[in-house]
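The structure under discussion appears below in the form of structure tokens.
Here you go:
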């Protein structure tokens, strides 16, 4: 569950490294992060007398999808962490996408990216993505979650070629709810997003699982991850 309301006054600053070569898009995002509370941008190297890099290690790497480059090359252009100490995890990537094509999303998932952001996302979504990534959590905005669902459901084990896709059995509201389930949102968060009661959300979730032929919401998401791994 993503908690973006946690007080930032007592939390340590999140160090964010931006791409070495910035487009207008990432330059704008960098400017927004520069003035955001609780965020510290990792700048250019400041060598110590002994030659060590004096910059703090980034917690989060910001990368922008570039359709002209292969996904692995896009990630290679992101500012990488210099070292990883035994008590510190490597920095995670927040990938910004202008045109979230399912093929590229799956490619990035295969490369270990677990946080995505649409290019026109509001500042609150940007902060949620950065904060969630710093906590090593998955962040999938609604639009990208829908692309993943639409792209992988026809290939899941319970789908039989020649029959209607399980997704087609869902109502428009159920598809919206399922996109939030895939993004890791709780029933309470879904209820708040759609101004529904939790009882109504629970009813929608029950119908979704029945129509998709799975026993619980975790199993539905697990099928999606298994499909991505099999495609690797």
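Numbering (our numbering), first residue to last: 2 to 233. We put the beta carbon where it would ideally sit given N, CA and C, even for glycine.
Enclosing alpha helix (DSSP H) for residue i [first to last residue]
| i | result |
| --- | --- |
| residue 213 | 199 to 213 |
| residue 34 | 25 to 35 |
| residue 152 | 143 to 153 |
Residue i - DSSP class collapsed to helix/strand/coil
| i | result |
| --- | --- |
| residue 18 | strand |
| residue 219 | helix |
| residue 13 | coil |
| residue 196 | coil |
CB-CB length for residue i against residue j, believed under 8 Å
| i | j | result |
| --- | --- | --- |
| residue 268 | residue 63 | In the structure as shown, the chain begins at 2 and stops at 233. Residue 268 is therefore absent and cannot be evaluated. |
| residue 57 | residue 43 | 6 Å |
| residue 139 | residue 178 | With a Cβ gap of about 18 Å, residue 139 and residue 178 do not count as contacting. |
| residue 79 | residue 94 | 6 Å |
| residue 131 | residue 40 | 7 Å |
| residue 109 | residue 68 | Not quite, the Cβ-Cβ distance comes to about 12 Å (not below 8 Å), so this is no contact. |
| residue 180 | residue 147 | 5 Å |
| residue 76 | residue 112 | 6 Å |
| residue 217 | residue 175 | So it is not a contact: roughly 16 Å between Cβ atoms. |
Reference residue i; option with closest CA among the options
| i | options | result |
| --- | --- | --- |
| residue 18 | 113, 153, 59, 220 | 59 |
| residue 92 | 134, 208, 124, 204 | 134 |
| residue 121 | 115, 142, 198 | 142 |
| residue 115 | 100, 136, 214, 13 | 136 |
| residue 35 | 101, 128, 66, 112 | 128 |
| residue 118 | 192, 15, 38, 101 | 101 |
| residue 183 | 219, 174, 33 | 219 |
| residue 26 | 99, 212, 15 | 99 |
| residue 123 | 197, 15, 37, 214 | 37 |
| residue 213 | 144, 196, 202, 169 | 169 |
| residue 210 | 13, 172, 190, 111 | 172 |
| residue 23 | 32, 15, 16 | 32 |
| residue 151 | 104, 197, 125 | 104 |
| residue 222 | 185, 193, 145 | 185 |
Residue i - containing beta strand (DSSP E), residue span
| i | result |
| --- | --- |
| residue 41 | 40 to 43 |
Length at least 4, wholly inside the segment 54 to 139: the alpha helix (DSSP H) runs in chain order | 72 to 78, 103 to 111, 124 to 135
Complete runs of the beta strand (DSSP E) confined to the segment 169 to 194 [at least 3 residues] | none
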